[in-house]
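2 protein chains.
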Amino acid sequence: MGVKLSTMTIANTNHTNHGPARGPADHEVRDQIVSAATAHFRLYGYEKTTVSDLAKAIGFSKAYIYKFFPSKQAIGEQICATCLLEIETDVRAAVDSADAAPEKLRRLFKTIVTSSMRLFFQDRKLFDIASSAASERWDAAQRYELRIQGLLTDILRLGRENDDFERKTPLDETVSAIYLVLRPYLHPLLLQYSFDSVEHAPTQLSSLVLRSLSR
Amino acid sequence: MGVKLSTMTIANTNHTNHGPARGPADHEVRDQIVSAATAHFRLYGYEKTTVSDLAKAIGFSKAYIYKFFPSKQAIGEQICATCLLEIETDVRAAVDSADAAPEKLRRLFKTIVTSSMRLFFQDRKLFDIASSAASERWDAAQRYELRIQGLLTDILRLGRENDDFERKTPLDETVSAIYLVLRPYLHPLLLQYSFDSVEHAPTQLSSLVLRSLSR
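Residue numbers (the working numbering), protein chains in the order written: chain E, 5 to 219; chain C, 5 to 219.
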């Protein structure tokens, strides 16, 4: 199974890099371009697909595509944003399905690893896009990292309020340290060197982190 | 400053991969070959240097070099082992310079990052060797990882004996989890994606780990 593209998530992110949104009809065209691009990148790879190839596949002119995306990278960024949003959606659903902060934290660790593995590596050609996004610090990847840090902050706040977690360590220091522990398992370029430990790492690391948070 | 090759560390490791040791005279020849190879790899890279190049540089025949090393990779492994031993020597000195287990752990985190950064990345051409060693699981790299885990075990045992660390969690689970936290900072392929955090990561991560060990 590869990356599913949902219209919802595309609509949610398309205003961030490419100028103001232009209404629902334009959303549909952008969606068509992104879907065709995803299919092509999967078959031929990100590097080998040109904007001309995409234009032919959809039956649009190159100029028409450029009206919606200034470059191939802009399309790649959109696909990347969608992929990262899908991981984030999985993670939020898993976190929301638990009540207590410690269990939310365990599910965050577990789900971010399984979902990232599935989305980055089941579709090797899309991994190239995620890698470019991470190594070239595409905006979509940076915003994703910030949102995961935000989610972590929310869980820690809840745990502190409910007396599940210690309150002595400054919150920002705790978030930053836990994020460093988590980072090798959400970053595609790091994750590719951790296949051996993806089975046991989420459990062991979240247990260690929970011990570090105990009062 | 690049990688220093010490006769001591070469003598300590040369019996592990290439059959039984052959006495001090052979050690000197091996040392000469490894020194010449290191100089050549630095200038021309590991990939581009051939055993013939090395033979010319030292004034030995190719056949004579093959008497001591069965392949170029065997020479690369020797350089890698020496480089890893140098990091390990730095780390052990830092750990030994503290008395209490918590401070030993802090110094382990700090020194392994600074020493790995220095040895893997100041000499970009030697980084290629370290990368091959890590990705192809050369024996030298695997033994290094085991020795670092052993050092970690010693520190944890000491801390448990002196009532600095909790004793509820099984020792092997604690070692394994802390090693997972440390791994992105000692593995050359992972470390290259963590340059942004090498300044603050050792402090933040060792503090988190120490909180997880508190009684």
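Backbone N, C-alpha and C fix where the C-beta goes; we use that ideal spot for every residue, glycine too.
Three or more Cβ pairs closer than 8 Å define a contact, and the segment 150 to 165 of chain E meets that threshold against the segment 105 to 120 of chain E. The segment 53 to 70 of chain E and the segment 90 to 99 of chain E do not touch, with fewer than three beta-carbon pairs separated by less than 8 Å.
Secondary structure remark: continuous alpha helix (DSSP H) runs of at least 4 residues inside the segment 37 to 123 of chain E, in chain order: 55 to 62, 66 to 72 and 76 to 100. Between residue 124/C and residue 213/E, the alpha-carbon positions lie close to 29 Å from each other.
Between residue 184/C and residue 181/E, the gap from beta carbon to beta carbon reaches 7 Å or more.
DSSP places residue 184/E in the uninterrupted alpha helix (DSSP H) bounded by 175 to 186.
For residue 138/C, same chain residues with a beta-carbon under 8 Å away, outside a window of 5 residues either side, are 145, 191, 192 and 193 in chain order. For residue 153/E, there are no C-beta contacts with chain C under 9 Å, since the nearest C-beta of that chain is about 13 Å from it.
Note on geometry: alpha-carbon atoms of residue 33/C and residue 134/E lie some 48 Å from one another. The residues 153, 156, 157 and 160, in chain order, have a CB closer than 8 Å to that of residue 179/C in the same chain once the five nearest residues on each side in sequence are set aside.
The criterion of a C-beta distance shorter than 7 Å is satisfied by residue 81/C and residue 142/C. Proximity of chain C to residue 115/E at the Cβ level (cut-off 9 Å) is not reached, the minimal Cβ distance being about 18 Å. At least one C-beta of chain E is nearer than 7 Å to the C-beta of residue 215/C. For residue 197/C, the nearest CB of chain E lies under 7 Å from its own CB, placing it at the interface with that chain.
When C-alpha distances from residue 51/E are compared across 63/E, 75/E and 62/E, the shortest belongs to 75/E. Close CB contacts of residue 30/E within its chain, under the 8 Å cut and outside five residues either way in sequence, are with 72 (chain order).
Between residue 46/C and residue 60/C, the alpha-carbon positions lie close to 16 Å from each other. Residue-level contact by beta carbon fails for residue 95/E and chain C, as no gap is shorter than 7 Å. By the neighbour-count definition (other C-beta atoms within 10 Å, threshold 16), residue 115/C is a buried residue. Nearest in C-alpha terms to residue 87/C, of all of 209/C, 39/C, 140/C and 56/C, is 39/C. Among the residues facing chain E, residue 202/C is not included, as its CB has no counterpart in that chain under 7 Å away. For residue 193/C, a Cβ of chain E is located within less than 7 Å of the residue's own Cβ. It is roughly 10 Å from the alpha-carbon of residue 197/C to the alpha-carbon of residue 189/C. In this structure, residue 217/E places its C-beta atom within 7 Å of the C-beta atom of residue 170/E.
For residue 211/C, the enclosing alpha helix (DSSP H) stretches over residues 205 to 217.
For residue 205/E, a Cβ of chain C is located within less than 7 Å of the residue's own Cβ. Short of 6 Å from the beta carbon of residue 105/E, and not among the five residues preceding or following it, lie these beta carbons of its own chain, in chain order: 159, 162, 163 and 168.
Collapsing the DSSP output to three states places residue 191/E in coil. By the beta-carbon neighbour count (other beta carbons within 10 angstroms, threshold 16), residue 176/C is exposed.
For the segment 175 to 189 of chain E, the set of positions with a beta-carbon nearer than 9 Å to some beta-carbon of chain C reads 177, 178, 180, 181, 182, 184, 185, 187 and 188 in chain order.
Put simply, of 121/E, 172/E and 147/E the residue whose alpha carbon is nearest the alpha carbon of residue 195/E is 121/E. In this structure, residue 57/C sits near residue 44/C, with a CB-CB distance shorter than 7 Å. Exclusion of the five residues before and after residue 166/C leaves 104 and 105 as the residues of its chain whose Cβ lies within less than 8 Å of its Cβ. The three-state reading of DSSP puts residue 202/E in coil, since its state is none of H, G, I, E or B. Counting along the chain, the unbroken alpha helix (DSSP H) around residue 161/E starts and ends at 143 to 165.
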